[in-house]
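A.B. asks:
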Amino acid sequence: MAQRQILLTISEVSELTRLSRPTIYNYIRDETHDFPKQVRLGPNRVVWVKSEIDRWLKSRRDARHEEPQAA
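Quick note, the sequence shown lines up with residues 274 to 344 if you use the numbering used here.
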């Protein structure tokens with residue numbers, strides 16, 4: 274049986290990531306941030322898959338450990 278996916282609104286994504294709405298949409302447009310794309314459910318409704326947001330946050334945490342340390 275397929276696992277049920279949790280869907281998040283823009284407000285929930287903003288709260289979870291601590292990013293503002295404009296920043297989230299900028300990150301989506303600028304592919305260098307590799308931010309998860311939204312899923313369109315209707316003409317005025319978009320959501321994000323929570324597992325994709327969680328994976329993006331983990332990649333940001335992991336990247337922090339790969340950056341060279343300033344002396």
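For glycine and all other residues, C-beta sits at the position ideal for the given N, C-alpha and C.
#1: Given a cut-off of 8 angstroms on the beta-carbon distance, is the pair Pro309 and Trp329 in contact?
#2: What residue range does the alpha helix (DSSP H) around Leu330 cover?
#3: Between which two residues does the beta strand (DSSP E) carrying Leu292 extend?
#4: Quick one: measure Cβ to Cβ for Val320 and Leu314, integer angstroms, because I've assumed they're closer than 8 angstroms.
#5: Of all the options Pro295, Asp307, Ser324 and Arg302, which has the alpha carbon lying nearest to the alpha carbon of Arg277?
C.D. replies: Based on what the coordinates show:
#1: yes
#2: Lys323 to Glu339
#3: Note, Leu292: premise wrong, no beta strand (DSSP E); not H, not E.
#4: Their Cβ separation, rounded to whole angstroms, is 6 angstroms, which keeps Val320 and Leu314 in contact under 8 angstroms.
#5: Ser324
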